[in-house]
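Counted the way the working numbering counts, the sequence shown spans residues 42 to 293.
We put the beta carbon where it would ideally sit given N, CA and C, even for glycine.
Model, not experiment: these values are computed from the prediction.
Read through the structure below, which is laid out as structure tokens, and then see the notes.
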Amino acid sequence: MQKPVVIAGPCVIESASLLDTVAQELVRLNAKYDIDIIFKASFDKANRTSLHSFRGPGLERGLEMLADVKRKYQLRITTDIHEAWQAEPAGEVCDVLQIPAFLCRQTDLLVAAAKTGRIVNIKKAQFLSGRDMRYPVEKAQDSGAKEVWLTERGNCFGYNNLVVDFRNIADMLDIVPTVIMDCTHSVQRPSAGDGKTIGDRKFVPSMALAAKAFGATGYFFETHPNPDEGLSDAANMIELDKLEATLLPLLK
């Protein structure tokens, strides 16, 4: 059985020590289970609810820190980009470039990511169906992307809530062979926390298992040693010491 793609890491780069702590656990899990977890952290959270929310260290310093993780721990790296000009420098460090859900129809962003030669992981927008994602994929492929992944992260359900239609996974597998379930962002309640997004991490393992039943070929977990103290997506990230138990049923 082919092992799933697994992406994991803190939502945003908070400090070098946080990156080291998470990377060390991913290295341990990779060795123990013979997998290849891709390390993820954002250098800039450009889509925070509030102007006053923490965004990260920025492109230059953030990529330096991600490159350091790659060098020290021999982990593959992914991060999200928000503007086309960020694709080239991010592609020099990262193995996978992630396109945020709200930006998955931004043509210039998709074209720039594709031209780096890196894997392009496009997150499905909260306002699109799985079948609609063939158009962003076509933009990336026609611009030279050799490999495109798609990621499910739920759909808008009225105000301040998301619902996951797991049929989207099957529909997206008709478009590309790699479809990832974003198990932590899918439990968000966007902007429901008086100026910030909240959610409920207790549903994350169930989201992953349901996605597996629908044929998902990968899983994305934002994780933190102390999630409630995290500077972004605190309510949705799972505890780092629970990542192994969450992964185990998905590897069988």
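Report back the beta-carbon spacing between residue i and residue j to the nearest angstrom; my notes put them in contact at under 8 angstroms.
| i | j | result |
| --- | --- | --- |
| VAL110 | THR264 | Not a contact, Cβ separation roughly 14 angstroms. |
| SER184 | ALA155 | 4 angstroms |
| SER91 | VAL53 | With 8 angstroms as the limit, SER91 and VAL53 do not qualify as a contact, their Cβ atoms being about 14 angstroms apart. |
| ALA49 | LEU284 | 6 angstroms |
| MET222 | ALA186 | About 21 angstroms separates the two Cβ atoms, so there is no contact after all. |
Looking at the structure shown, is residue i part of a helix, part of a strand, or coil, going by DSSP?
| i | result |
| --- | --- |
| SER58 | helix |
| ASP77 | coil |
| ASP136 | coil |
| ILE210 | helix |
| ASN267 | coil |
| LEU203 | strand |
| ASP109 | helix |
| GLN115 | coil |
| ARG89 | coil |
| LYS44 | coil |
| MET278 | coil |
| ARG230 | strand |
| ASP121 | strand |
| ASP262 | Reading the sequence as shown, one finds Phe at residue 262 and not Asp. Looking at PHE262 - three-state DSSP - the assignment turns out to be strand. |
| LYS164 | strand |
| GLY50 | strand |
| THR192 | strand |
| SER94 | coil |
| ASP215 | coil |
| ASP183 | helix |
Count the other CB atoms, across all protein chains shown, that sit within 10 Å of the CB of residue i; report buried if there are 16 or more and exposed otherwise.
| i | result |
| --- | --- |
| ASP212 | buried |
| CYS197 | exposed |
| PHE168 | exposed |
| SER56 | exposed |
| ARG208 | exposed |
| VAL166 | Residue 166 is actually Ala in this sequence, not Val. Under this definition ALA166 is a buried residue. |
| LYS180 | buried |
| ARG89 | buried |
| PRO51 | buried |
| ASP215 | exposed |
| GLN115 | exposed |
| GLN43 | exposed |
| GLY199 | exposed |
Taking a contact to mean a Cβ-Cβ separation below 9 angstroms, would you say residue i touches residue j in this structure?
| i | j | result |
| --- | --- | --- |
| PHE296 | ARG117 | Here the chain has residues from 42 to 293 only, and residue 296 is not among them. |
| VAL205 | SER227 | yes |
| ARG242 | GLU280 | yes |
| TRP190 | ILE210 | no |
| CYS224 | ALA254 | no |
| VAL152 | VAL137 | no |
| THR287 | VAL245 | yes |
| THR157 | GLU129 | yes |
| PRO266 | ALA276 | no |
| ARG230 | LEU203 | yes |
| VAL134 | ALA108 | yes |
| LEU289 | PRO45 | no |
| THR119 | GLY103 | no |
Are the segment 143 to 150 and the segment 91 to 101 touching by the rule of at least three beta carbon pairs closer than 8 angstroms? no
Using 8 angstroms as the threshold, is the segment 251 to 268 in touch with the segment 68 to 77, meaning 3 or more CB pairs across them? no
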